[in-house]
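Here is the structure we will look at.
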Amino acid sequence: MSQVDVLAVIPARGGSKGLPGKNLAELGGVPLIVWSIRAALDSALVTRVLVTTDSQEIAAVASAAGAEVPWLRPADLAQDQTADLPVFLHALAELYPGTEDPELVVHLRPTVPLRPVGMIDRSIRMLLKRPECDSLRSLSPAAKSPFKMWSLTEDGMIEPLVGTWEEEWFNQPRQALPEAWVHNGMIDVIRPAVIRGGSMSGRRILPLFEDSIPVVDIDTAADLDRATEILNLHQPKLLGEG
């Protein structure tokens, strides 16, 4: 496979309520942000690694770890409710103003630091081989079936979150329910045209099924403890530990 431009983007806000300073919290003696930077730098296919942050402290750590941090993200793009899309649109506009976009954008979340060796390159290759697809997302088996879930109506009653009353999935045994998978946040790979078109995924999404290690999204001190346990159990399988 000939070399193509692949941009890895690692978004890392300075603010965090559940675990203050979480992107610099240490896992195995390494700041969370550095795990994702190392994983991207270790990839044979990623050609550029960008950290987008509003924090001078995160920027300094990321730069020392080998990532590009060419600017500080504007404050209006670093709020609690800021979605991924405007952050990635800003990154593309700043890095590629009037120039050709990279072939693919890899989204690595610093709060999901533990990834199996080979995951990034495997994901990139999968999407490159499927030009009709918009993106790829890593998935884990859903712990609870959405077919057993309910939403609250305006008049204080409940209705099925998935499916219809007539189907009555909610009354079926677990074995009869369709398989369900959850987006685990380990990796997304997206075509830049999809992002510029106003979506972080598009509709033609390739799945990367991953259950070789437990997934932990670190939002609290308890999550960090759990990630430490996983690291101790699975370290030889993981990216970014060296």
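Sequential numbering from 12 applies to the sequence shown in this note's numbering.
Don't be surprised by glycine CBs; every beta carbon is placed ideally from N, CA and C.
For residue i, which residues does DSSP report across the bridge?
i    : result
V20  : L61 and H118
V41  : L38
E79  : L61
P171 : W161
Assuming residue i and residue j form a contact by the criterion Cβ under 8 Å, report the distance between their Cβ atoms to the nearest whole angstrom.
i    : j    : result
V226 : S151 : 5 Å
E114 : D16  : 5 Å
V116 : I206 : 6 Å
F99  : V20  : 6 Å
Using CA coordinates, which residue listed in the options is at the minimum distance from residue i?
i    : options                 : result
L138 : L219, T63, S223 and V60 : L219
T231 : Q92, P247, P31 and W46  : P31
G209 : L96, A76 and Q186       : L96
Y107 : T93, Q90, P81 and A86   : P81
L235 : A76, T58, E177 and P42  : P42
L88  : A76, H101 and A78       : H101
L103 : L61, Q14 and A78        : L61
L35  : L52, V72 and R136       : V72
Answer yes or no: the CB of residue i versus the heavy atoms of the ligand SAH, is any distance below 7 Å?
i    : result
K159 : With respect to the ligand SAH, the structure shown offers nothing to examine, as it has no ligands at all.
For residue i, is the classification buried or exposed, using 16 other Cβ atoms within 10 angstroms of its Cβ as the cut-off for buried?
i    : result
K33  : buried
R120 : buried
A233 : exposed
L172 : exposed
I201 : buried
G29  : exposed
N182 : exposed
G25  : buried
R214 : exposed
Cβ of residue i less than 8 Å from any chain D Cβ?
i    : result
A191 : Here there is only one protein chain, and chain D is not present.
Legend entry - Complete runs of the beta strand (DSSP E) confined to the stretch 184-234 [at least 3 residues]: 192-201 and 216-220
Inset, instruction - Would you list, in sequence order, the uninterrupted beta strand (DSSP E) runs of no fewer than 3 residues that lie entirely inside the stretch 105-160? - result: 115-118 and 146-152
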